[in-house]
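Participant: My questions will all concern the structure given below.
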Ligand SMILES: Cc1cc2nc3c(=O)[nH]c(=O)nc-3n(C[C@H](O)[C@H](O)[C@H](O)COP(=O)(O)OP(=O)(O)OC[C@H]3O[C@@H](n4cnc5c(N)ncnc54)[C@H](O)[C@@H]3O)c2cc1C
């Protein structure tokens, strides 16, 4: 008991997305005194509008060697899933240069090797977080179907499947219009090949899921505060002493920055320059759809996920490189609607909802997880396309590190100091 009391820390977690709430819950379960601060309601950042896929298979980064071949084509084609806010390009050039340097076979394999342990047991990690809690029903077991125009486009995607195979994932491939429609009747004639992975999972409403996790954290005795964090103060010994907000200051001996894309500004206050940019993503919800897929799908050509959620059929994805202070663009939404109409030609619906959010992306597609030096500040951000998937495990290992334990996983690839060497 004495040891337990000595280990108890006063922790402030900044940012209540999936990473922050997971961290706060695991810290609270370990007995720490935890305050979770967000400038808005929990779960309203990137964690709100994502595809809801527990993407254990998403080990291969956007920066595959094929990006050198695909990027110029994407930029010329109005039907491609890549958009650029050109006004922001000069500011993001250093990040872009580092990002493209990772588009080699050697680096891709290294990223796959590092991301696999973070992602491979994601469904179990979500279950560990929620089992026996009121939040249990948000997570579902499912398959995932990767949808292609035809077998030739599946074959053209061979590199991505080679990378997934390194992580132990091999699909069942179904080809032919009749066979595909028997499995997914919602699909139109334009898609005649699907590659199916078993043993996956999804969330039926990511925003509500995170909001409910925050309520569960409060029921555990944690404190949720709505305030904007302005600064982090350290004492003369370099140890964190408090987190300052627009409302109040919160004394602490440990702070965790889990503020998604906004972590960039917060860590800059601590003297760090983290190369991170927003891969802006969009969703369209088709309300009251006449058809839904039997399992979540990934439309490979259009680069968007399709998930039947509580509020309707959510089609979400595409990448728009740009500023996280600028508002949404019309073209990515129009593209999602065009692609969805082609993919699901018989589906009718009563209306649509639209959204944009910011994937926090590092040049090497890997998050930053761990301590920032020895002053009691930890970070968990930069999860790009897989933050929903990896949030609970990230929170669990952060709580272990803060409690002085050694997580049973090699975290060296996620070292927060790697960009400052
Ligand atoms: C279209 C789209 C589809 C996606 N699909 C998937 C998917 O299917 N599966 C998957 O795993 N991932 C997916 N992702 C990625 C995933 O959504 C993100 O990686 C993840 O949500 C990041 O979570 P987070 O907790 O790091 O950040 P966020 O959810 O953005 O949370 C950060 C929080 O910090 C708060 N904050 C920021 N600054 C401050 C401050 N100064 N003071 C107080 N609070 C602050 C914000 O208000 C916010 O609530 C998708 C993303 C997009 C955009």
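In the working numbering, the protein residues as written are 73 to 493. Glycine is no exception: its CB is placed at the ideal position from the N, C-alpha and C atoms. What you are looking at is a predicted structure, and each value in this text was computed from that prediction instead of being measured.
(1) Go through its chain and collect everything with a Cβ distance to residue 489's Cβ below 8 Å, but skip five positions before and after it.
(2) Which residues does DSSP pair with residue 425 in a beta bridge?
(3) Is residue 86 near ligand 1, in the sense that its beta carbon is under 7 Å from a heavy atom of that ligand?
(4) Tell me whether residue 289 sits in a helix, a strand or coil according to DSSP, three-state version.
(5) Let me make sure I understand the geometry here. Which of 271, 457, 479 has the alpha-carbon closest to that of residue 465?
(6) Go through its chain and collect everything with a Cβ distance to residue 362's Cβ below 8 Å, but skip five positions before and after it.
(7) How many Å lie between residue 267 and residue 101 at the Cα?
(8) For residue 369, list the residues DSSP reports as bridge partners.
(9) Which class does residue 131 belong to by DSSP, given the choice of helix, strand or coil?
(10) To the nearest angstrom, report how far apart residue 184 and residue 133 are at their CA atoms.
(11) Tell me whether the stretch 349 to 366 and the stretch 377 to 386 touch, counting them as touching only if at least three CB pairs, one residue from each stretch, are closer than 8 Å.
(12) Where residue 244 and residue 210 are concerned, what is the direct C-alpha to C-alpha distance, given to the nearest angstrom?
(13) Residue 272 to residue 130, Cα distance in whole Å?
(14) Which first and last residues belong to the alpha helix (DSSP H) in which residue 333 is found?
(15) Rounded to whole angstroms, what is the Cα-Cα separation between residue 82 and residue 197?
(16) For residue 400, which residues of its own chain have a beta-carbon under 6 Å away from its beta-carbon, when the five flanking residues on both sides are left out?
(17) Under the three-state reduction of DSSP, which class applies to residue 109: helix, strand or coil?
(18) By DSSP's criteria, residue 306 is part of a beta bridge. Which residues make up the other side?
(19) Do the stretch 137 to 144 and the stretch 165 to 184 touch if we need at least three Cβ pairs shorter than 8 Å?
(20) Looking at the unbroken alpha helix (DSSP H) that takes in residue 388, where does it start and where does it end?
(21) Does the count of Cβ pairs from the stretch 343 to 356 and the stretch 104 to 112 closer than 8 Å reach three?
(22) Check for me: the alpha helix (DSSP H) holding residue 142 runs from which residue to which?
(23) DSSP on residue 274, reduced to helix/strand/coil?
(24) Tell me which residue opens and which closes the alpha helix (DSSP H) that residue 407 is part of.
(25) Is it the case that the CB of residue 354 approaches a heavy atom of ligand 1 more closely than 7 Å?
(26) Give every residue of the same chain whose Cβ lies closer than 7 Å to the Cβ of residue 283, excluding the five residues on either side of it in the sequence, and list them in chain order.
(27) Does the beta-carbon distance from residue 414 to residue 260 come in below 8 Å?
(28) What residue range does the beta strand (DSSP E) around residue 247 cover?
(29) Taking the straight line between their C-alpha atoms, what separation do you get for residue 462 and residue 95?
(30) Alpha carbon to alpha carbon, how far is residue 80 from residue 317? Give it in angstroms, no decimals.
(31) From the DSSP secondary-structure annotation, give me the bridge partner or partners of residue 237.
(32) Using the rule of at least 16 other Cβ atoms within 10 Å of the residue's Cβ for burial, across every protein chain shown, is residue 406 buried or exposed?
(33) Which one of 84, 275, 119, 255 has the shortest CA to CA distance from residue 333?
(34) Would you call the stretch 452 to 462 and the stretch 435 to 443 in contact, with 3 or more CB pairs under 8 Å?
(35) Residue 228 lies in the beta strand (DSSP E); which residues open and close that run?
(36) Please confirm whether residue 92 has its beta-carbon closer than 8 Å to some beta-carbon of chain D.
Facilitator: By the coordinates alone:
(1) 444, 445
(2) 357
(3) yes
(4) helix
(5) 479
(6) 418, 419, 420, 421
(7) 39 Å
(8) 217, 378
(9) coil
(10) 8 Å
(11) yes
(12) 27 Å
(13) 11 Å
(14) No alpha helix (DSSP H) contains residue 333, which DSSP labels as neither H nor E.
(15) 25 Å
(16) 428
(17) strand
(18) 312
(19) yes
(20) Residue 388 -> not in any alpha helix (DSSP H); beta strand (DSSP E) instead, spanning 384 to 394.
(21) no
(22) 139 to 148
(23) strand
(24) 402 to 415
(25) yes
(26) 113, 114, 115
(27) yes
(28) 244 to 247
(29) 11 Å
(30) 24 Å
(31) Looking at the DSSP assignment, residue 237 forms no beta bridge with any residue, so it has no partner.
(32) exposed
(33) 119
(34) yes
(35) No beta strand (DSSP E) holds residue 228; the alpha helix (DSSP H) holding it covers 223 to 228.
(36) Reference to chain D is not applicable here, since this structure consists of a single protein chain.
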